[in-house]
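Peer 1:
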Amino acid sequence: MSRLPPEALPAMLRRSPYHRLLGLEMVSAAPGEVVVRMPVRPELLAGDDEGGQYVHGGAIASLIDTAGDFAVIATVGYDVPTIDLRVDYLRPATGGALTATARTVKAGRSLALADVEVTSEDGTVVAVGRGAFKT
């Protein structure tokens, strides 16, 4: 299996129809760390006009999962499946774009862990997560 260099990751991210549906963009990729941006569109919102609208938690979880996965890929050099995902929602995300910064914490022979922080356009942390991936 050939190893993927970090500079190959933006093209790999764009190949997935789901990533394109979410509008994900690789802002930067380096060994063990990636930054992924997700524009907030009306289709990703939950809530209503009376109580306010916010980004659906499933979209945020997808952003965390994807960013964590790509941080591990940037470390090990090949695609890895998610085996566990934890998300903590800290406050509602209400618009603009969300940015996920993911860092590989551990990359062993059978398991890798990545921590992810999601911020709103003003830099406020809206969610954090940790993914476990099969290496």
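Each number in my numbering corresponds to the 1-based position in the sequence shown with 433 added.
All C-beta atoms in this analysis are idealised placements derived from N, C-alpha and C, irrespective of residue type, glycine included.
Given 8 Å as the limit, is there contact between the segment 527-536 and the segment 465-484, that is, 3 or more CB pairs closer than that?
Peer 2: Touching, yes.
Peer 1: In chain order, what residues of the same chain lie with their CB nearer than 8 Å to the CB of tyrosine 451, ignoring the 5 residues before and after it?
Peer 2: Counting only Cβ-Cβ distances below 8 Å, and skipping sequence neighbours, we find Ser495.
Peer 1: In the structure shown, what three-state DSSP assignment does serine 461 receive?
Peer 2: Serine 461: strand per DSSP, three-state reduction.
Peer 1: Would you report the Cα separation of proline 568 and glutamate 483, rounded to the nearest angstrom?
Peer 2: Residue identity differs from the one stated: residue 568 is threonine in this sequence, not proline. Straight-line Cα distance between these residues: approximately 46 Å.
Peer 1: Alpha carbon to alpha carbon, how far is methionine 459 from alanine 547?
Peer 2: Approximately 16 Å, taken between the alpha carbons.
Peer 1: Throw me the rounded Cβ distance for the glycine 510 and arginine 436 pair, which I believe falls under 8 Å.
Peer 2: The pair is a contact, with the Cβ atoms about 3 Å apart (cut-off 8 Å).
Peer 1: Would isoleucine 506 pass as a contact of leucine 531 if the rule is Cβ separation under 8 Å?
Peer 2: Cβ atoms of isoleucine 506 and leucine 531: not closer than 8 Å.
Peer 1: With threonine 499 as the anchor, note down where its alpha helix (DSSP H) starts and where it stops.
Peer 2: Residues 490-509.
Peer 1: Which stretch, first to last residue, makes up the alpha helix (DSSP H) that contains arginine 542?
Peer 2: Looking at the DSSP string, arginine 542 is not in any alpha helix (DSSP H), and its letter there is neither H nor E.
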